[in-house]
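Chains as they are written, first to last, in the numbering used here: chain A, 405 to 745; chain B, 206 to 503; chain C, 145 to 380.
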């Protein structure tokens, strides 16, 4: 490996190590409401890391990621409220159950590509809340289910601080797993399926296996995120998971930069904070209907991002890096020519 | 039996609303290769414009209707020029995301301008809401009939335009072979822009017809978009005829489903069940009912 | 004044330079062939003229500077480019394909008349006008592409490897029409061909390209007698 390559990996490791440090210190440094929002960033982060495995690395678009989150959240709520399972134990169960559902959903979706897959996942996003509404006895119907808000097992932490630490610890773990998985043979197979499906088949990669597997992994991540969401808001009902949640998650993944795991951090921040920036923008206009205006601004911000950085945040950073490299090279070559002259 | 036909008649009216929007989706997909998720909201926005022309500017229905179509055309064409064309070089997903951004913007903008509360747009029909006649025990509502007729006229006009006019032929050519078309001197970007304009006109028609049956609020077209999208995919996303047939199948299917099965499905499960059936159909026929395989020889 | 003039034209695909300063002149009414091995820059030269590749240098058509213009506006000046692979609309019918050739002209009726006349050159496809063009054989598609180009009433016709993948009889039939158009109707033709023998037999002037430069030029007659050309391109 070239020294430059090693250097780059070192930088990445350092940058990634900075995130946990920030996570450890940020909650203490800010007010409680900020911690609450930080927990949400972590939840969205987990969800879109999973979405990125599916869309970014495997090339399958999903407009139904919010539905997978709903399944995870309902798993937690039902297990906890109906069966008295300890709230933290429901998180892995939600991940596994949702993952299995995603795997099964991926089986028929296999035959579909592009628009068809978009429709299939979009259908899922519209259907799951309705199904939840219908089976009232099990899901609590439109009323939803209320979960007891957990208090921190560690002394001296408020509930929101604890939630923030909890989600970020899990997010860190899941990020690590995704990173390891995508670096290895599985990641190569995923990318092969995305970039050259025919070549992948002819070199012995099973399309069906990897496409469904990608669905399963993506769903498992969403399931964990959904479970954490249910815990954080201490409540689930069908309206917690509108179609717009799925769209929001997809915009987050695109804004972060598909095909880059680190970029998802930016994407998650975008999902959590862009709507409130938008609201902030519209507050200056002194109108009553701040929410509709913030919707407009959110859309405009998204559009601006698409125009200004089509590769997402990760793409922008990559471009800046290339620019720096070129600048450095240019300087060196000038220095060289001066030395020889 | 007459009950069955009763549901079919009701389903046809919904089918007409879906058909115009589904056709718009197909036009865009053929020309630009993407699904325009903002298509329904374009129709919604135009319907609000029509409502505003009638309510605030005192225009009679039909002048407002046609003025709205003009505005829709200009808006659709401009959307292509300003948003879609500049982004099309950066890849399909970016363009799809841009249409999602447009969906969000238009939805919010309509609520901002006209407030989110529910409004009513009158029916294009000259008949009163209750007017009907009976054929063999089946009640045909005259307003429903008007909706079916208007949507069929629109669909027919679109087909005639593409089939028999020079501009229509050039637009088809631009969609299937943009590079060749430019070598022949066809202004492809302009053709695609006209295509977006036409699709916007169709969605405006769909919106105005839907609003006469539903209530008018910024979200009223989302469900229409879902069914129209399903119809377009069912028919084969690149097949205009398929999308229209698909739309009527879905319209009738939904009507039958709600008629016969609502007692044990409840209103909530209609959409999930319809979509599940659709998915099953697509698994059997992944290219849709009318998805065609083009014969090629090298 | 020549109809078409290229002066020191360079073209690149990303980092790869395909033309290193090509200068070519085509007089009105002439048929000119561009010969050369694979990768010599023949196709790129045509693309430079029709505006489908980025270039530097001067390109003038009918005394107008056309370098840097969009392909559709170049086509509208009267340059018909039949690209490599023919560019047939497989999904459209034969008749629709031919009609589209007249897209740059205003009078619809005249276009229809010319479309009939163009099909008249090729009885084999004229009888199949309602078929999807994708169902035609390679030779028939090449004829269709030529017929379509003629409907534009071009001042310059550019053909890229028309003989590629065609049966020998189809090649003969195709070039019979090309010669007829050039010699009897005075149509200016710029021809890119691997088959040097038939190209030299059908044109008056010829250029030989080698790795993006003009290596040799002269009358087709002289070139077909040249030792080097015979050894490299004619094979005897």
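Ideal Cβ positions, reconstructed from N, Cα and C, are used throughout, including at glycine.
Under 6 Å Cβ to Cβ from residue 682 of chain A, same chain only, skipping five residues before and after it: list those, please.
Listed in chain order, the non-local C-beta contacts of residue 682 of chain A below 6 Å within the same chain comprise 698, 701 and 702, local neighbours out to five positions each way being set aside.
Can you tell me whether residue 477 of chain B is buried or exposed? The criterion is at least 16 other CB atoms within 10 Å of its CB, across all chains shown.
Burial call: buried.
Among B:346, B:345, B:390 and B:375, the one whose alpha carbon lies nearest that of residue 465 of chain C:
No information on residue 465 of chain C is available, as it lies outside the stretch 145 to 380 that chain C covers here.
Helix, strand or coil, according to DSSP, for residue 297 of chain B in the structure here?
The answer is helix: DSSP assigns residue 297 of chain B an H, G or I state.
When Cβ atoms are compared, which residues of the stretch 452-484 of chain B fall closer than 7 Å to chain A?
Considering only beta carbons, the part of the stretch 452-484 of chain B lying closer than 7 Å to chain A consists of 471, 473, 474, 476, 477, 480 and 484, in chain order.
Residue 658 of chain A versus residue 646 of chain A: straight-line alpha-carbon distance, rounded
Their Cα atoms are separated by approximately 19 Å.
With H, G and I counted as helix, E and B as strand and the rest as coil, what does DSSP make of residue 328 of chain C?
Residue 328 of chain C falls in the helix class under three-state DSSP.
Between the CA atoms of residue 437 of chain B and residue 484 of chain B - distance to the nearest angstrom
Those two C-alpha atoms are separated by around 13 Å.
Just verifying my parser: in three-state terms, what is the DSSP assignment at residue 370 of chain B?
Here residue 370 of chain B sits in coil by DSSP.
Find the residues of chain C that neighbour residue 232 of chain B, judging by a C-beta separation of less than 8 Å, and give them in chain order.
None at all; the shortest Cβ gap to chain C is about 15 Å.
So that I know if they touch, is there some Cβ in chain B lying closer than 8 Å to that of residue 644 of chain A?
Interface annotation, residue 644 of chain A: not in contact with chain B, CB-CB separation never under 8 Å.
Measure the beta-carbon distance from residue 190 of chain C to residue 287 of chain C and round it to whole angstroms, keeping in mind my assumption that it falls under 8 Å.
At roughly 19 Å, the Cβ-Cβ gap does not stay under 8 Å, so residue 190 of chain C and residue 287 of chain C are not in contact.
Rounded Cβ spacing between residue 604 of chain A and residue 596 of chain A (contact assumed at less than 8 Å)
Indeed they touch by this definition, with Cβ atoms about 4 Å apart.
Measuring straight from C-alpha to C-alpha, what distance separates residue 690 of chain A and residue 258 of chain B?
Here the model assigns residue 690 of chain A a pLDDT of 49, short of 50, so the residue's position is not dependable and the matter cannot be decided.
How close, in whole Å, do the beta carbons of residue 154 of chain C and residue 229 of chain C come, if the pair is a contact with beta carbons under 8 Å?
So it is not a contact: roughly 25 Å between Cβ atoms.
For residue 360 of chain C, which residues from the same chain have a beta carbon less than 6 Å from its beta carbon, with the 5 sequence-adjacent residues on both sides left out?
352.
Ordered along the chain, which non-local residues of its own chain (more than five positions away) have a Cβ less than 6 Å from that of residue 648 of chain A?
Sequence-distant partners of residue 648 of chain A (beyond 5 residues in either direction) whose C-beta falls short of 6 Å from its own C-beta are missing from its chain.
Proximal residues of chain B, C-beta to C-beta of residue 248 of chain C below 7 Å
Simply 390.
Count the other C-beta atoms from every protein chain shown that fall within 10 angstroms of the C-beta of residue 489 of chain B, then say buried if there are 16 or more, exposed otherwise.
Exposed.
If we cut at 8 Å on Cβ distances, does residue 329 of chain B have a partner in chain F?
Looking for chain F here will not work: the only protein chains present are A, B and C.
Are any of the Cβ atoms in chain C nearer than 8 Å to that of residue 351 of chain B?
So no, residue 351 of chain B is outside the interface.
Evaluate contact between the stretch 263-277 of chain B and the stretch 402-419 of chain B, counting only Cβ atoms and requiring at least three cross-stretch pairs below 8 Å.
Segments in contact, yes.
Please determine, among A:450, A:566, A:545 and A:711, the residue with the shortest C-alpha to C-alpha distance to residue 639 of chain A.
Answer by Cα proximity: A:545.
Which of the three DSSP states is assigned to residue 530 of chain A in this structure?
Residue state for residue 530 of chain A is assigned as helix, using DSSP reduced to three classes.
Could you have a look at residue 469 of chain A and say whether DSSP puts it in helix, strand or coil?
DSSP places residue 469 of chain A in helix when its eight states are reduced to three.
Note the first and the last residue of the continuous beta strand (DSSP E) segment covering residue 206 of chain C.
The continuous stretches of beta strand (DSSP E) do not include residue 206 of chain C, and DSSP gives it neither H nor E.
Chain C contacts from the stretch 368-401 of chain B (Cβ-Cβ distance under 8 Å)
Cβ contacts with chain C come from 371, 374, 375, 377, 378, 381, 382, 384, 385, 386, 387, 388, 389, 390, 391, 392 and 393.
In terms of residues, what are the limits of the beta strand (DSSP E) holding residue 152 of chain C?
That run of the beta strand (DSSP E) goes 148-157.
Would you check if the stretch 230-245 of chain C and the stretch 194-212 of chain C touch, i.e. whether three or more CB-CB distances between them fall below 8 Å?
Segments in contact, no.
What residues in its chain sit with their C-beta under 8 Å from that of residue 583 of chain A, if we drop five residues either side in the sequence?
Excluding sequence neighbours, residue 583 of chain A sits near 665.
Would you verify that the beta carbon of residue 215 of chain C is, or is not, closer than 8 Å to some beta carbon of chain B?
For residue 215 of chain C, at least one C-beta of chain B is nearer than 8 Å to its own C-beta.
According to the Cβ coordinates, are residue 198 of chain C and residue 156 of chain C closer than 8 Å?
A distance below 8 Å separates the beta carbons of residue 198 of chain C and residue 156 of chain C.
What whole-angstrom Cβ distance do residue 194 of chain C and residue 388 of chain B have, given they're in contact under 8 Å?
With 8 Å as the limit, residue 194 of chain C and residue 388 of chain B qualify as a contact, their Cβ atoms being about 6 Å apart.
Sub-8 Å separation of residue 499 of chain A and residue 627 of chain A beta-carbons
Pairing residue 499 of chain A with residue 627 of chain A gives a Cβ-Cβ distance under 8 Å.
Beta-carbon contacts of residue 273 of chain C that lie in its chain and below 6 Å, excluding the five residues immediately before and after:
Hits under 6 Å: 238 and 239.
Taking 8 Å as the threshold (C-beta atoms), are residue 230 of chain B and residue 241 of chain B in contact?
Between residue 241 of chain B and residue 230 of chain B, the C-beta spacing is below 8 Å.
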